[in-house]
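To start, the structure itself, in structure tokens.
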Amino acid sequence: MPPPASTVRVAVIGGGPAGLMAAERLSSQGIAVDLYDGKASVGRKFLLAGKGGLNLTHSEARNAFVGRYRERSAEVGRWLDEFDATALRNWCEGLGVSTFIGSSGRVFPTDMKAAPLLRAWLARLRAAGVRFHMRHRWTGWDESGHLRFDTPDGPVAVAASATLLALGGASWPQLGSDGRWVDTLAARGVMPAPLRAANCGFDVAWSPHFSERHAGQPLKNVRIAFTGADGRRIERSGECLVSAHGLEGSLIYALSADLRGCMERDGRVKIDIDLLPALDAQKVLDEVSRPRGARSLSSHLNSRLGVSGVRTGLLHEVLDRTAMNDTATLAATLKALPLTLLRTRPVDEAISTAGGVRLEDLDAGLMLKALPGVFCAGEMLDWEAPTGGYLLTATMASGRAAADGIAIWLAGHGG
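Heads up, the sequence shown is in our numbering, so the first residue is 2 and it goes up one at a time.
Now the structure itself:
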């Protein structure tokens, strides 16, 4: 026999920033909230994100900020109308956590840590009456429409007046975001967009020699250019990292959505890396062409242009001995070194995911049109953004928007 169902007002499933923000917003309106998570504690990815300094949000102007959400900027912009970067900073201050703007415009807690903020947040939620149920892994609904959970003590059924799903994407599955919910929703007629890696690395067919010698080395102050899926020439400067498999790091992550778009169309994407973006092509040619006497080519490139280490290794990856000794070819390659990216790294290695519940399948309050009383928020929705605080800001804003949708829906249904 199935277990008897307990009854709750609102069930929030998922203890990440979206679920916690929704729980806070609902409880502040006097709505009873029970929060469920499959892990032993909440906020695990939030804490991991704060290991190197918790990037909360970004200080750039509103239009530029909203534009980071690409084709979903209109929808995400509506969430941000109610909870934007300034509101997030004020919210932190309300928890006793001061913030500052770094040199890149990114916003961090003054102490750079995630744990004190999470502790203060959970204390506020508990004081507001939010009840936490850990090690409750949601498995869907039973025949009566009750929520089902697997727990260490056996299966549990819950009858909720409204449900918020805030289950994350499929990146970092060891922290709880494993994407299992895709099949659960599909069985109920909700077909999410495929989950894909975002803010991710890309594979390159390095030679074994290059990979063994240079994996883990940064490529600082370079410029990457390629033709996007829409025909635009896309260029961006920054720093990336050579990995054993290919390229990753902040510059690659910032370009990952456009790179992935090319791959989805063509199967792979060719990029050009300007190894010396501060110098024009003529200057590079002039320096390469200078007589080098008894010096080796490597010594010559290092002394004239500061090219050494991984940059020299890249040249040898794409040029044979004859081409390396042709000054015009060498100079041109220093300004546009061609590489082919073969595929994204696996989604479970990505910082975040694209795809998920299509926003077209939700109403303005983020309720699933096919499942009245069931709302969705956070990274499980079909939007994406680069790193830099944009992910966390929109995730929390969506949790707040879904909470407001739940409150309105409950009021209209005798809740």
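Beta carbons: idealized from backbone N, C-alpha and C, even for Gly.
Predicted, not measured: the structure shown is a model, and the values here were computed from it.
Residue i versus residue j: straight-line alpha-carbon distance, rounded
| i | j | result |
| --- | --- | --- |
| residue 259 | residue 154 | 46 angstroms |
| residue 227 | residue 263 | 10 angstroms |
| residue 321 | residue 329 | 14 angstroms |
| residue 364 | residue 127 | 30 angstroms |
| residue 77 | residue 116 | 27 angstroms |
| residue 366 | residue 307 | 56 angstroms |
| residue 86 | residue 62 | 10 angstroms |
| residue 33 | residue 191 | 27 angstroms |
| residue 80 | residue 385 | 14 angstroms |
| residue 413 | residue 111 | 43 angstroms |
| residue 176 | residue 394 | 20 angstroms |
| residue 302 | residue 289 | 7 angstroms |
Exposure label - residue i; buried when at least 16 CB within 10 Å
| i | result |
| --- | --- |
| residue 57 | buried |
| residue 171 | buried |
| residue 22 | buried |
| residue 206 | exposed |
| residue 49 | exposed |
| residue 156 | exposed |
| residue 102 | exposed |
| residue 18 | buried |
| residue 219 | exposed |
| residue 210 | exposed |
Min CB distance residue i to chain C below 7 angstroms
| i | result |
| --- | --- |
| residue 347 | The chain labelled as chain C is not found in the depicted structure, where only one protein chain is given. |
Beta bridge counterpart(s) of residue i as assigned by DSSP
| i | result |
| --- | --- |
| residue 134 | 37 |
| residue 355 | 197 |
| residue 407 | Beta-bridge pairing links residue 407 to no other residue. |
| residue 101 | 109 |
| residue 382 | 358 |
| residue 345 | 203 |
| residue 28 | Answer is none; residue 28 lacks a bridge partner. |
| residue 66 | According to DSSP, residue 66 bridges with nothing at all. |
| residue 249 | 242 |
| residue 339 | 273 |
| residue 289 | Bridge partners of residue 289: none, in fact. |
| residue 141 | 149 |
| residue 369 | 363 |
| residue 8 | 160 |
Beta strand (DSSP E) segment containing residue i, residue limits
| i | result |
| --- | --- |
| residue 363 | It is not in any beta strand (DSSP E) - residue 363 carries neither H nor E in the DSSP assignment. |
| residue 87 | No beta strand (DSSP E) holds residue 87; the alpha helix (DSSP H) holding it covers 86 to 95. |
| residue 148 | 148 to 152 |
Residue i - containing alpha helix (DSSP H), residue span
| i | result |
| --- | --- |
| residue 166 | Run containing residue 166: none in the alpha helix (DSSP H); it sits in the beta strand (DSSP E), 155 to 166. |
| residue 118 | 116 to 128 |
| residue 375 | Careful: residue 375 lies outside any alpha helix (DSSP H), inside the beta strand (DSSP E) at 375 to 377. |
| residue 80 | 74 to 83 |
| residue 50 | 45 to 50 |
Kindly provide the ranges of any beta strand (DSSP E) runs that are 3 or more residues long and lie completely inside the region 252 to 286, ordered along the chain.
Runs of the beta strand (DSSP E) inside the region 252 to 286: 270 to 275.
If we require 4 or more residues per run, which alpha helix (DSSP H) segments fall completely within the region 180 to 247?
182 to 187, 209 to 215
Which runs of the alpha helix (DSSP H), 4 residues or longer, sit entirely within the region 307 to 331?
310 to 319, 322 to 325
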